[in-house]
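Heads up: the sequence shown begins at 0 in numbering that gives the first Met the number 0, then just goes up one per residue.
Glycine residues also receive a C-beta, built at the ideal position from the N, C-alpha and C atoms.
Right, one structure below, let's go through it.
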Amino acid sequence: MSHHKSKTNLGIGIIGGGFIARFHIKSFVGVRDADILGVFDPDAKRAREACALAKSLGVGEAKPYASITAMAADPAIGALWVCAPNFTRGEVMEEIAAAVVSGKAELGGVACEKPLGRNVGEAKKMLALAEKAHLLDGYLENQVFAPAVTRGKEIVWARGAAIAGPPYLARAAEEHSGPHMPWFWEGTLQGGGVLNDMMCHSVEEARFMLTPPGETRDVLIPVSVTAYTNCLKWQEPKYAAVLKKNSGGKTDYLNRPAEDFARSLLEFKSRDGKIVVVETTTSWCYVGAGLRLSMELLGPEYALQINTLDAGLKIFFSREVKGKAGEDLVEKQNAEIGLMPVVADEAIEYGYTAENRHMVQSFLHGVRPEENFRDGVAVAELLMAAYMSAETGKTVAFPPKGLDDFIPAVARGKWNPKKK
Ligand SMILES: NC(=O)c1ccc[n+]([C@@H]2O[C@H](COP(=O)([O-])OP(=O)(O)OC[C@H]3O[C@@H](n4cnc5c(N)ncnc54)[C@H](O)[C@@H]3O)[C@@H](O)[C@H]2O)c1
């Protein structure tokens, strides 16, 4: 790997200038030793807007590039953040790897948003391409960097686990009222429904909590996966019509729905041979104030709990305040009246700031990030096993046969719980 570029400041190029790119850009206000210098987005307006945001926040003199290769080849760019939609992972990573292998680009690292791939095959291909190009790899799972999660883990293990024994149960949930762009709703493009989109967070966060501090996630060996999926809300004709309208007629939840509710129960064997359990719940049909991330970690003499909607800041608006719909109080906000929770700094509280700081420092020091593509592959394996279980209605012993080639029915456009 090359270390020719500045070792004290990292120039970052972002691929895909949409929703999550804006979150990353905002988080760099709290990240040292890096500048956002470029954005590539086939939608030139999106690229310009993301660059303008970076400049207005003072986090880098970002400019739009005409291609991934052109951005990667600029000597000022030392690492790339992949923030494009799930269905573009393969082509994006192939272009990055080709630019490096051909000698056009010299890069230290690549960081990729969740999920690493739409299935195990795609996730493994991402890892293989990063290895081929000798790139340090960061898997952008923000929730394992959220301050409540990292600080909670530290305290539980240092005080509770040290005296009473390790935790045995982690519960994680991510729930909101549905994604903001039509492609997320389309099983073939996104890779599934809410199980693929959000259980990736819950599984990894729970696995992180149950892993002893300082150990890598593979000390917990998956034993079995039991899961359930359904479409509880969005297949109702009234709501299917909303999705159809929002997508210009493309999304068809009467015939090609994706799951809007999914739960899983995962058993792992810990190093001392004991079974520890992860329980996750995810949904796109939770209409509360906004995005709700919750987590519990339970052990013999202690319990930890997190709920992002139990925010320290709450604001009340009377019925006389009839404001515009927005997401300025909390991500995936559903109302602007009554008593509303406000997440004061979402980039910090959801973990983006600490995540990006870790990735930047890892790349600058030439070390592999603690959260990397291997974890992204492991998450894809657990999620695909969950789809197998949900499709068969049975508990799946891990690893199940055919996991590497498995593509869920929902990702093939062939899932419909109403036509079972
Ligand atoms: N960590 C999180 O909590 C979180 C939250 C939201 C999204 N994400 C992930 O981030 C990724 C992007 O999601 P989003 O919400 O920003 O979507 P989005 O649709 O808002 O933005 C995606 C952007 O990528 C651009 N794009 C399309 N094809 C591209 C290509 N081939 N190369 C480069 N850019 C391309 C689009 O024009 C668009 O501007 C997804 O993989 C998603 O799963 C993660």
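Please indicate yes or no: does the CB of residue 17 lie closer than 7 Å to some heavy atom of ligand 1?
yes
Through-space distance from residue 97 to residue 3, alpha-carbon basis:
With a pLDDT of 49 at residue 3, under the threshold of 50, the modelled position of this residue cannot be trusted; read the value that follows with caution. About 19 Å.
Extent of the continuous alpha helix (DSSP H) to which residue 363 belongs
351 to 364
Using 7 Å as the cut-off, classify the Cβ of residue 245 as near or not near the heavy atoms of ligand 1, replying yes or no.
no
Quick one: does the C-beta of residue 141 sit closer than 7 Å to a heavy atom of ligand 1?
yes
State the DSSP-derived secondary structure class of residue 231, mapped to helix, strand or coil.
coil
Buried/exposed call for residue 338, threshold 16 Cβ in 10 Å
exposed
Confirm the yes/no value for this check: CB of residue 118, any heavy atom of ligand 1, distance under 7 Å.
no
Would you say the beta carbon of residue 14 comes nearer than 7 Å to a heavy atom of ligand 1?
yes
Please give me, in chain order, every unbroken run of the alpha helix (DSSP H) with length at least 4 that falls completely inside the region 39 to 77.
43 to 56 and 67 to 72
As assigned by DSSP and simplified to three states, the class of residue 209
helix
Would residue 14 pass as a contact of residue 83 if the rule is Cβ separation under 8 Å?
yes
With a cut-off of 8 Å on the beta carbons, I'd call residue 28 and residue 56 a contact; round off their distance for me.
6 Å
Three-state secondary structure (DSSP) at residue 222?
strand
Can you tell me the Cβ-Cβ gap for residue 277 and residue 353, rounded? I've got them flagged as a contact below 8 Å.
The pair is not a contact, with the Cβ atoms about 22 Å apart (cut-off 8 Å).
8 Å Cβ cutoff met for residue 289 and residue 142:
no
Could you tell me which of 416, 172, 208 and 43 sits nearest to residue 255, measuring between CA atoms?
416
Where does residue 16 land, buried or exposed, given buried means 16+ other C-beta within 10 angstroms?
buried
Among 231, 241 and 238, nearest to residue 259 - alpha-carbon criterion:
231
Along the chain, where does the alpha helix (DSSP H) containing residue 340 start, and where does it finish?
Not the alpha helix (DSSP H): residue 340 falls in the beta strand (DSSP E), residues 337 to 341.
Check whether the Cβ atoms of residue 442 and residue 126 sit closer than 8 Å, and answer yes or no.
This structure cannot speak to residue 442, because the chain is shown only from 0 to 419.
If contact is defined by three or more beta carbon pairs under 8 Å, each pair taking one atom from either stretch, is the region 177 to 189 in contact with the region 290 to 298?
no
Considering only residues of the same chain and omitting the five flanking positions on each side of residue 355, which have a CB-CB separation below 6 Å?
26 and 30
Distance CB(residue 111)-CB(residue 378) smaller than 8 Å:
no
DSSP three-state label for residue 280, please.
strand
Cut-off 7 Å between Cβ atoms - residues of its own chain near residue 420, not counting five sequence neighbours on either side:
Only positions 0 to 419 of the chain appear in the structure, and residue 420 is not among them; the question remains open.
Where the beta strand (DSSP E) through residue 137 begins and ends:
135 to 139
Could you pull the start and end residues of the beta strand (DSSP E) that residue 313 belongs to?
312 to 316
Write down every uninterrupted run of the alpha helix (DSSP H) in the region 235 to 305 whose length is 4 residues or greater and which is fully enclosed by it, in chain order.
236 to 245
Check whether the Cβ atoms of residue 224 and residue 263 lie closer than 8 Å to each other.
yes
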